[in-house]
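*Asks:* Starting off with a structure, shown below.
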Amino acid sequence: MRLLPRGEQPPLDPTLPLVASGNLRRRHAASRIIQSLSVAAAIAAVAVLVIVIAAVVTHGAKAINWEFITSGYPTGVGPYLVGTAEIVAIATLMAMPVGVLIALFLSEYAGRRWTRPVQLVLDVMNGLPSIIVAVFIFSLLVAGKGQSGFKAAVALSILEVPLIARGTQEVLVLVPSHQREAADALGVARWRSILTIILPAAAAGIVTSTLLSVARAAGETAPVLLIDSLAKGDKVQLNPFHEIPNVPVRIFQLSEEANPEGFTEAWGLSLILIVIILALGLGSRALLNRSKRKMTR
Amino acid sequence: MSIDDQTFDPVQARNGKAPVPGRRIRIRTEPLPGAIGAPAASTESAGEAQLHVATEAIFEANEVGIFYGAKQALIDVTMNIRRGQVTALIGPSGCGKTTFLRSLNRMNDSVSGFRIDGKILYRGHDIYGSNVDTVEVRRRIGMVFQKPNPFPKSIFDNIAWAPRNLGMRSGLSERVEKALRGAALWDEVKDRLKDSALGLSGGQQQRLCIARAIAIEPDVLLLDEPASALDPIATGAIEDLIHSLKGRFTIVIVTHNMQQAARVADRTAFFSLETRGERPIGTLIEFDDTEKIFGAPRDPRTRDYVTGRFG
Numbered sequence: 021m022r023l024l025p026r027g028e029q030p031p032l033d034p035t036l037p038l039v040a041s042g043n044l045r046r047r048h049a050a051s052r053i054i055q056s057l058s059v060a061a062a063i064a065a066v067a068v069l070v071i072v073i074a075a076v077v078t079h080g081a082k083a084i085n086w087e088f089i090t091s092g093y094p095t096g097v098g099p100y101l102v103g104t105a106e107i108v109a110i111a112t113l114m115a116m117p118v119g120v121l122i123a124l125f126l127s128e129y130a131g132r133r134w135t136r137p138v139q140l141v142l143d144v145m146n147g148l149p150s151i152i153v154a155v156f157i158f159s160l161l162v163a164g165k166g167q168s169g170f171k172a173a174v175a176l177s178i179l180e181v182p183l184i185a186r187g188t189q190e191v192l193v194l195v196p197s198h199q200r201e202a203a204d205a206l207g208v209a210r211w212r213s214i215l216t217i218i219l220p221a222a223a224a225g226i227v228t229s230t231l232l233s234v235a236r237a238a239g240e241t242a243p244v245l246l247i248d249s250l251a252k253g254d255k256v257q258l259n260p261f262h263e264i265p266n267v268p269v270r271i272f273q274l275s276e277e278a279n280p281e282g283f284t285e286a287w288g289l290s291l292i293l294i295v296i297i298l299a300l301g302l303g304s305r306a307l308l309n310r311s312k313r314k315m316t317r
Numbered sequence: 011m012s013i014d015d016q017t018f019d020p021v022q023a024r025n026g027k028a029p030v031p032g033r034r035i036r037i038r039t040e041p042l043p044g045a046i047g048a049p050a051a052s053t054e055s056a057g058e059a060q061l062h063v064a065t066e067a068i069f070e071a072n073e074v075g076i077f078y079g080a081k082q083a084l085i086d087v088t089m090n091i092r093r094g095q096v097t098a099l100i101g102p103s104g105c106g107k108t109t110f111l112r113s114l115n116r117m118n119d120s121v122s123g124f125r126i127d128g129k130i131l132y133r134g135h136d137i138y139g140s141n142v143d144t145v146e147v148r149r150r151i152g153m154v155f156q157k158p159n160p161f162p163k164s165i166f167d168n169i170a171w172a173p174r175n176l177g178m179r180s181g182l183s184e185r186v187e188k189a190l191r192g193a194a195l196w197d198e199v200k201d202r203l204k205d206s207a208l209g210l211s212g213g214q215q216q217r218l219c220i221a222r223a224i225a226i227e228p229d230v231l232l233l234d235e236p237a238s239a240l241d242p243i244a245t246g247a248i249e250d251l252i253h254s255l256k257g258r259f260t261i262v263i264v265t266h267n268m269q270q271a272a273r274v275a276d277r278t279a280f281f282s283l284e285t286r287g288e289r290p291i292g293t294l295i296e297f298d299d300t301e302k303i304f305g306a307p308r309d310p311r312t313r314d315y316v317t318g319r320f321g
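In order, the protein sequence lines correspond to chains A and B. First residue of the first sequence: 21, per our numbering; consecutive thereafter. First residue of the second sequence: 11, per our numbering; consecutive thereafter.
What follows is the structure, given as C-alpha cells:
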C-alpha cells in the first residue's frame with residue numbers, strides 16, 4: 021500500500037473484492053471494543069442483582085417457616101409485615117390521587133410552557149434521597165410530638181407522588197389524540213372526556229405506576245427509621261396514629277443484634293421483602309406492556 | 011313515528027321532517043319548514059321548503075384569514091353556506107379547505123399559534139365572539155374526521171357516550187338505535203351492540219362515527235374527508251348516507267375526490283393555493299352550484315382543476 025498522510029484514504033478502487041480495506045479493519049476493532057464494554061457493563065448490572073438475590077435466598081431461606089411469618093416479636097415477623105402493608109397502603113391512598121391529578125395537569129392542561137418545568141421538578145423529586153424527606157417530616161411532625169405510622173406514611177407518600185405522576189403521564193400521552201378530538205367534537209366538556217374516555221384508557225398504566233411506587237415505598241428505610249421505629253412488634257398495630265411495627269426497621273434491628281440467630285432472621289425478612297418487591301415490579305411491568313400494546317395497536 | 015319504521019328514507023329526509031316529532035330539539039332556534047306540526051308534508055310544501063332553505067345562510071364567512079403562527083394558511087374567504095344543503099369543499103392538498111372546515115366549529119383552537127381574521131357567523135352569531143363557549147359550539151356543530159376514531163368502548167357505548175354526558179339519558183337505547191339506523195349501520199350491528207367498536211371494519215367504524223355525531227342531533231355536520239381512508243364500496247355507503255342525511259342536517263364536507271363532491275353536494279367551493287407576496291396561501295377561488303362548478307366553471311383555475319389539468 022502506498023504511504024499516505026495520516027487519516028488519508030487511498031482512492032476507492034471499485035474492482036477490488038468486497039473485503040475490508042483501508043482503515044475499516046481498525047474501525048471494526050474499535051467498534052468491537054465498545055460493544056464488549058457495554059455488554060460487560062450490562063452483565064455486571066444483572067450479576068449484582070443475581071448475587072444479591074442469591075445471597076438473600078441462601079441466607080434467608082432457612083429462617084422462613086410458617087411460625088416465622090405469622091408470629092410476632094421476638095420469634096416472628098407477622099406484625100411487621102402487616103405494619104408495612106398498612107403504612108404503604110395509607111401512603112399510596114394519599115399519593116395516588118395527587119399523582120394522577122399532576123399527570124392529568126401535565127398531559128391535558130399544561131401547555132408546552134409548563135410541562136417541562138413541572139416534569140423536571142417531578143424528576144428531581146424522584147431522585148430526592150429518602151433521608152431528606154425523612155428528616156423534613158421528622159422535624160415537621162415528629163420532633164417533640166412523637167412517632168406514628170401515619171407520619172411515616174406522609175413521608176412515603178411524598179416519595180410516591182413523582183413516581184405515580186410520571187408513570188401515569190407516560191400512559192396518558194399514549195391515549196391517541198384523535199380520541200380527545202372525537203370527544204371534543206361531540207360538545208362534551210373536557211373533564212367528562214377525561215373521566216370517561218382518557219382515564220379508563222390509561223387505567224392499566226395508572227395501576228402499574230402505583231404498584232411500582234408501592235414497591236419503592238415498601239422498602240424505603242430512612243423515613244420509617246426516623247419517624248416510626250419505636251414499636252415493639254409483639255402484636256399487630258392497626259391504629260395508624262400509634263407507632264406501627266414495620267419491615268425495614270425490623271431488618272435493621274435484627275442485623276444489629278449480637279447473636280447469629282438475629283442475622284439469619286434479618287436475611288429471612290429481607291427475602292420476604294425482596295420477593296414482594298420483585299413480584300410488584302415484574303407484575304406491574306407486565307401489566308404496563310400489555311396495556312401499551314393494547315393502546316398503540 | 012315508531013322506531014320500527016325509521017329506516018332511513020332519503021326522500022323523507024329531503025322533505026325535511028326527519029327529526030323525530032315530540033323530541034325537544036334545543037338547538038333549533040326555529041323549526042325547519044314542514045318539520046313540526048306538518049308530519050305528512052305534501053310534495054308542494056316540501057318544494058317550498060327547499061326553496062326557503064336554499065335562501066338561508068347558516069354560516070356566513072366574511073373575509074376570513076387563518077394563520078398558524080407566522081404562516082398564513084388561508085386568506086380572504088367570503089362565502090355563505092346554506093342551511094339544509096350539502097356543501098363540498100374541494101381543492102388540492104394544502105389549500106386550506108380542512109383548516110376552513112375546522113374553523114367552523116373551533117376545532118383549530120387547540121392548534122398552537124392558531125389565529126383567525128375576519129368573521130364567521132353561525133345563524134348570525136359570531137363563532138369567535140368573546141362570550142362564545144367552544145363546547146356549546148361543538149355540541150351544535152358536530153364533526154366527523156378523516157380517520158375513523160371510535161372510542162375503545164362497545165358499539166352501544168360509543169353512541170351513548172355523548173348523550174349520556176350531555177344529560178340526554180331518557181330513551182337512550184332508542185336514541186342509539188335511531189342514530190345507528192340514521193347512519194345505515196343498524197342492521198349490521200344490532201346483534202352485537204355490546205362488542206367493541208374496534209372490531210368493526212373501517213367503513214363500519216366511520217359510519218359508527220357518523221352515528222355517534224348525529225346521536226346528539228346537532229344542527230350541522232362537518233365531514234373532513236370522511237371516505238378517504240375507505241375502499242370504494244365503503245365510500246359508496248358513506249355517500250348514500252350523506253344523501254340520506256341531507257335536509258335533516260346541514261352538511262359541510264371536505265373531499266379530495268371530485269366525483270364524490272359532484273355526487274353528494276348541492277354547492278361546491280373550490281379552494282386553491284394562490285401566491286400572494288412570497289408564499290402560496292390557500293384561498294377560495296369559486297363557490298357555486300355543484301353543476302356549475304363541474305359543468306361551467308367561471309374561473310379558469312377551477313376548470314383546470316375539475317378537468318384534471320391541474321398539477
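Note that the Cβ used here is the ideal one computed from N, Cα and C, for glycine as well.
Looking at the structure shown, is residue 317 (chain B) part of a helix, part of a strand, or coil, going by DSSP?
*Replies:* The answer is coil: DSSP assigns residue 317 (chain B) none of H, G, I, E or B.
*Asks:* What does DSSP give as the partner residue(s) for residue 67 (chain B) in the beta ladder?
*Replies:* Answer is B:92, bridged to residue 67 (chain B).
*Asks:* Quick check on residue 82 (chain B): does DSSP put it in helix, strand or coil?
*Replies:* It is a strand residue.
*Asks:* Could you check whether residue 192 (chain A) and residue 222 (chain A) sit closer than 8 Å to each other, using their CB atoms as the reference points?
*Replies:* Yes. Within cutoff.
*Asks:* Give the residues of chain A in contact with residue 148 (chain B), contact being defined as C-beta atoms less than 8 Å apart.
*Replies:* Under the 8 Å cutoff, chain A gives 204, 205, 206 and 207.
*Asks:* Is residue 196 (chain B) close to chain A? Criterion is C-beta to C-beta, closer than 8 Å.
*Replies:* No, because no Cβ of chain A sits closer than 8 Å to the Cβ of residue 196 (chain B).
*Asks:* Restricting to Cα atoms, I'd like to know which of B:126, B:274 and B:158 is closest to residue 94 (chain B).
*Replies:* Comparing Cα positions, the closest option is B:274.
*Asks:* Taking buried to mean at least 16 other C-beta atoms within 10 Å of its own C-beta, is residue 66 (chain A) buried or exposed?
*Replies:* With fewer than 16 other Cβ atoms within 10 Å, it is exposed.
*Asks:* Between which two residues does the alpha helix (DSSP H) containing residue 176 (chain A) stretch?
*Replies:* It spans 169-192 - the alpha helix (DSSP H) in which residue 176 (chain A) sits, taken as one unbroken run.
*Asks:* Cβ of residue 16 (chain A) within 8 Å of Cβ of residue 184 (chain A)?
*Replies:* A question about residue 16 (chain A) goes unanswered here, because the residues of chain A that appear run from 21 up to 317.
*Asks:* Rounded to the nearest angstrom, how far is the Cβ of residue 90 (chain A) from that of residue 80 (chain A), given a contact under 8 Å?
*Replies:* So it is not a contact: roughly 17 Å between Cβ atoms.
*Asks:* Taking 8 Å as the threshold, find out whether the stretch 257-276 of chain A comes into contact with the stretch 168-181 of chain A through three or more Cβ pairs.
*Replies:* Yes, since at least three Cβ pairs between the stretch 257-276 of chain A and the stretch 168-181 of chain A fall closer than 8 Å, the two stretches touch.
*Asks:* Identify whether residue 156 (chain A) lies in helix, strand or coil by the three-state DSSP scheme.
*Replies:* In this structure, residue 156 (chain A) counts as helix in the three-state DSSP scheme.
*Asks:* Does the beta-carbon of residue 313 (chain A) have 16 or more other beta-carbons within 10 angstroms, so that it is buried, or is it exposed?
*Replies:* Classification of residue 313 (chain A): exposed, given that the 10 Å Cβ count is below 16.
*Asks:* Can you check whether the C-beta of residue 217 (chain A) is within less than 8 Å of a C-beta belonging to chain B?
*Replies:* Yes, contact with chain B.
*Asks:* Is residue 300 (chain A) buried or exposed, if buried means 16 or more other CB atoms sit within 10 Å of its CB?
*Replies:* Residue 300 (chain A) is buried by the Cβ-count criterion.
*Asks:* Under a CB-based cut-off of 8 Å, is residue 157 (chain B) close to chain A?
*Replies:* Yes, its Cβ sits closer than 8 Å to a Cβ of chain A.
*Asks:* So with CB distances below 7 Å, who are the chain B contacts of residue 313 (chain A)?
*Replies:* Going along chain B, no residue has its Cβ under 7 Å from residue 313 (chain A), so there is no contact; the nearest lies around 13 Å.
*Asks:* What is the DSSP secondary structure of residue 132 (chain B), counted as helix, strand or coil?
*Replies:* Strand at residue 132 (chain B).
*Asks:* Pairs of beta-carbons, one from the stretch 212-225 of chain B and one from the stretch 83-102 of chain B, closer than 8 Å: are there three or more?
*Replies:* No, they do not touch.
*Asks:* Under 8 Å by Cβ, that's how I've got residue 291 (chain B) and residue 309 (chain B) pegged, so tell me the actual separation to the nearest angstrom.
*Replies:* Going by Cβ atoms, the distance from residue 291 (chain B) to residue 309 (chain B) rounds to 17 Å, so no, they are not a contact pair.
*Asks:* Give the residues of chain A in contact with residue 222 (chain B), contact being defined as C-beta atoms less than 9 Å apart.
*Replies:* Under the 9 Å cutoff, chain A gives 202 and 206.
*Asks:* Are there three or more Cβ pairs, one per stretch, closer than 8 Å when the stretch 213-220 of chain A is compared with the stretch 46-66 of chain A?
*Replies:* Not touching, per the Cβ criterion.
*Asks:* Are the C-beta of residue 198 (chain A) and some C-beta of chain B separated by less than 8 Å?
*Replies:* At least one chain B Cβ lies under 8 Å of residue 198 (chain A).
*Asks:* How many angstroms separate the CA atom of residue 276 (chain A) from the CA atom of residue 141 (chain A)?
*Replies:* Approximately 37 Å, taken between the alpha carbons.
*Asks:* DSSP on residue 30 (chain A), reduced to helix/strand/coil?
*Replies:* The answer is coil: DSSP assigns residue 30 (chain A) none of H, G, I, E or B.
*Asks:* Against residue 221 (chain A), what residues of chain B qualify as contacts under a CB-to-CB distance less than 8 Å, listed in chain order?
*Replies:* Result: 162.
*Asks:* Please report the distance separating the alpha-carbon of residue 282 (chain A) from that of residue 139 (chain A).
*Replies:* Taking the straight line from one Cα to the other gives about 44 Å.
*Asks:* Can you tell me whether residue 238 (chain B) is helix, strand or coil according to DSSP?
*Replies:* Residue 238 (chain B): coil per DSSP, three-state reduction.
*Asks:* Closest Cβ-Cβ distance between residue 212 (chain A) and chain B: below 8 Å?
*Replies:* True, the Cβ-Cβ gap to chain B drops below 8 Å.
*Asks:* Under a three-way DSSP split, which group does residue 205 (chain B) fall into?
*Replies:* Note: residue 205 (chain B) maps to coil in three-state DSSP.
*Asks:* With 8 Å set as the bound, which would you pick, yes or no: does the beta-carbon of residue 176 (chain B) sit closer than that to a beta-carbon of chain A?
*Replies:* For residue 176 (chain B), the answer is yes, since a Cβ of chain A falls inside 8 Å of its Cβ.
*Asks:* Residues in the same chain with beta-carbon distance under 8 Å from residue 216 (chain B), minus the five sequence neighbours each way, listed in chain order, please.
*Replies:* Closer than 8 Å at the Cβ level, and outside the excluded window around residue 216 (chain B), lie 154, 158, 236, 237, 239, 240, 244 and 248.
*Asks:* Using CA atoms only, rank isn't needed, just tell me which of A:235, A:204, A:244 and A:270 is closest to residue 252 (chain A).
*Replies:* Of the listed residues, the one whose Cα sits closest to residue 252 (chain A) is A:270.
*Asks:* Could you work out which residues of chain A lie near residue 117 (chain B), taking near to mean beta carbons separated by less than 8 Å?
*Replies:* Result: 201, 204 and 205.
*Asks:* Thinking just about the alpha-carbon of each residue, which of A:173, A:109 and A:211 is nearest to the one in residue 129 (chain A)?
*Replies:* Minimum Cα distance to residue 129 (chain A) is reached at A:211.
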